[in-house]
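Engineer: Let me give you the structure first, and then I'll get to my questions.
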Amino acid sequence: MARRTRRAVLTALGSGIAATAGCGAFGRERVDVLVAGSLQKAASETLQTQTDVEVAVEARGSVQAARLVAGGKRDPAIVALADPTLFDRVMNTAWHAVVASNEMVLAYNPQTGGGTRVAEADPWYVPLRGDSVSLGRTDPTLDPLGYRTLFVLALAADYYDEPGLAEAVLSPDQTYPETQLLAQFETGAVNAAFVYRSMAMERDYPFREFPAEIHLGDPAHAEQYRTTSYELPNGTAVAGNPIEYGAVRRDEQEATRTAFETVLSGDWLTPHGFTVRQAYPRLVGDVPSTVTR
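Numbering follows this note's numbering, with no gaps: position 180 of the sequence shown is 307.
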């Protein structure tokens with residue numbers, strides 16, 4: 128693992144793969160950015176206002192996004208995912224930068240009976256085991272939020288001594304695309320949903336917090352998180368880890384460098400409820416020679 132100072136990171140980076148920057152509105156250069164669904168709002172709004180180039184954002188579940196790039200169906204200049212291990216396991220990139228962290232929560236709609244039951248429950252999972260609460264989550268085959276939901280329930284089963292908790296809570300009809308999950312509150316399709324803290328905060332939904340031993344956001348509990356795992360459709364196993372977000376730059380265009388410097392700063396993420404630790408950005412892997420060593 129390679130570690131660099133923020134000053135070093137904000138120098139020119141690149142792997143010389145493909146040039147995808149083009150011309151956007153008002154003559155500004157455009158940079159195509161493929162991001163995790165949970166980054167959509169931060170990228171489309173705050174990242175755009177903090178960089179001098181036009182950022183064309185597409186949001187997908189991170190597993191799906193990584194597959195699209197790996198399969199040549201997307202060619203973005205910048206990719207930002209909700210699980211940095213996907214750069215190695217799916218995209219097979221030589222390096223990446225870790226830029227932020229997050230934690231899991233249970234968001235609820237207080238305007239519904241089911242949401243009220245979630246708000247008042249002690250412990251939080253009790254109403255989820257019956258039919259009184261409609262629950263939403265994402266597909267673990269498409270994005271890390273989906274398999275992290277499974278990790279939370281597995282960790283909770285041990286923490287609360289509730290064997291079979293996941294089986295009692297989950298059903299196949301609960302999954303929605305990450306970019307649409309909380310919108311289901313407005314349609315009445317779900318009363319509660321397993322989401323990232325940032326997703327609940329930027330949409331102003333109340334949420335139940337989990338203990339640090341469960342929420343996947345505390346590095347001090349990393350060893351405990353790693354007792355959980357999930358096998359991706361390609362056969363690769365991903366282990367539970369403290370939640371982190373990573374990004375990689377895929378060309379050397381000046382516009383892409385400009386946008387990526389903003390990505391690395393993390394300033395576009397903090398207003399949306401992400402945690403940007405002092406150690407970020409952290410570079411991992413075979414960092415290009417253009418990085419000051």
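Ideal Cβ positions, reconstructed from N, Cα and C, are used throughout, including at glycine. None of these values were measured; they are calculated from a predicted model.
What beta strand (DSSP E) runs, 3 residues minimum, are completely inside the segment 313-350?
Structural biologist: 319-323, 334-336
Engineer: Helix, strand or coil, according to DSSP, for ARG409 in the structure here?
Structural biologist: DSSP places ARG409 in strand when its eight states are reduced to three.
Engineer: Could you tell me which uninterrupted beta strand (DSSP E) segments, each at least 3 residues in length, are contained entirely in the segment 202-229, listed from first to last along the chain?
Structural biologist: Runs of the beta strand (DSSP E) inside the segment 202-229: 205-208, 222-228.
Engineer: Between the segment 329-339 and the segment 352-359, do at least 3 Cβ pairs fall closer than 8 Å?
Structural biologist: no
Engineer: Where does the unbroken beta strand (DSSP E) through GLU185 begin, and where does it stop?
Structural biologist: 181-187
Engineer: With a threshold of 16 other CB atoms inside 10 Å of the CB of GLY263, please say whether the residue is buried or exposed.
Structural biologist: buried
Engineer: If you compare alpha carbons, which of SER165, TRP222, ARG157 is closest to MET328?
Structural biologist: SER165
Engineer: At the level of alpha carbons, what is the spacing between GLY373 and SER356?
Structural biologist: 19 Å
Engineer: Can you tell me whether DSSP reads ARG157 as helix, strand or coil?
Structural biologist: Note: ARG157 maps to strand in three-state DSSP.
Engineer: Excluding the five sequence neighbours on either side, which residues of its own chain have a C-beta within less than 7 Å of the C-beta of VAL260, listed in chain order?
Structural biologist: GLY241, ARG244, VAL245, PRO254, ASN318, ALA319, listed in sequence order.
Engineer: Mind pulling the alpha helix (DSSP H) runs of 4 or more residues that sit fully within the segment 247-302?
Structural biologist: 271-286, 292-296
Engineer: Going by C-alpha to C-alpha distance, which of MET326, ALA382, TYR287, ASP285 sits closest to GLU305?
Structural biologist: MET326
Engineer: For the candidate residues ARG216, GLY257, SER392, SER189, whose alpha-carbon lies nearest to that of SER298?
Structural biologist: GLY257
Engineer: Short of 7 Å in beta carbon distance, which residues of its chain neighbour ARG194, apart from the five on each side in sequence? Order them along the chain.
Structural biologist: VAL217
Engineer: For the segment 210-224 and the segment 359-378, state whether three or more C-beta atom pairs, one from each stretch, are separated by less than 8 Å.
Structural biologist: yes
Engineer: Quick one: give me the first and last residue of the alpha helix (DSSP H) that ALA382 is part of.
Structural biologist: 381-392
Engineer: THR276: buried (16+ other C-beta within 10 angstroms of its C-beta) or exposed?
Structural biologist: By the 10 Å Cβ count, THR276 comes out buried.
Engineer: Measure from the alpha carbon of LEU174 to the alpha carbon of each residue in HIS399, ARG404, GLY344, then state which is nearest.
Structural biologist: HIS399
Engineer: Specify, as a first and last residue, the run of the beta strand (DSSP E) that ALA234 falls within.
Structural biologist: 231-235
Engineer: Can you tell which of ALA209, TYR235, TRP222, VAL390 has its C-alpha closest to the C-alpha of ASN229?
Structural biologist: ALA209
Engineer: Count the other CB atoms, across all protein chains shown, that sit within 10 Å of the CB of ASN431; report buried if there are 16 or more and exposed otherwise.
Structural biologist: Any answer about residue 431 is impossible in this case: the structure gives the chain only from 128 up to 420.
Engineer: Helix, strand or coil for ARG376 per DSSP?
Structural biologist: Correct three-state label for ARG376: strand.
Engineer: Check each candidate in GLU289, LEU269, ALA366 and name the one with the smallest Cα separation from GLY188.
Structural biologist: Checked all of GLU289, LEU269, ALA366; the closest Cα to GLY188 is LEU269.
Engineer: When DSSP labels each residue in this structure, what does THR354 get in the three-state scheme?
Structural biologist: coil
Engineer: Along the chain, where does the beta strand (DSSP E) containing ALA366 start, and where does it finish?
Structural biologist: 364-366
Engineer: Quick check on THR178: does DSSP put it in helix, strand or coil?
Structural biologist: coil
Engineer: Hey, out of LEU410, VAL414, PRO290, whose CA is closest to ALA227's CA?
Structural biologist: LEU410
Engineer: Alpha carbon to alpha carbon, what distance is there between ILE341 and ALA406?
Structural biologist: Straight-line Cα distance between these residues: approximately 23 Å.
Engineer: Report the rounded CA-to-CA distance for TYR235 versus GLU381, giving the unit in angstroms.
Structural biologist: The C-alpha of GLU381 is placed about 43 Å away from the C-alpha of TYR235.
Engineer: Helix or strand or just coil, what does DSSP make of VAL465?
Structural biologist: Any property of residue 465 remains undetermined from this structure, which presents the chain solely from 128 to 420.
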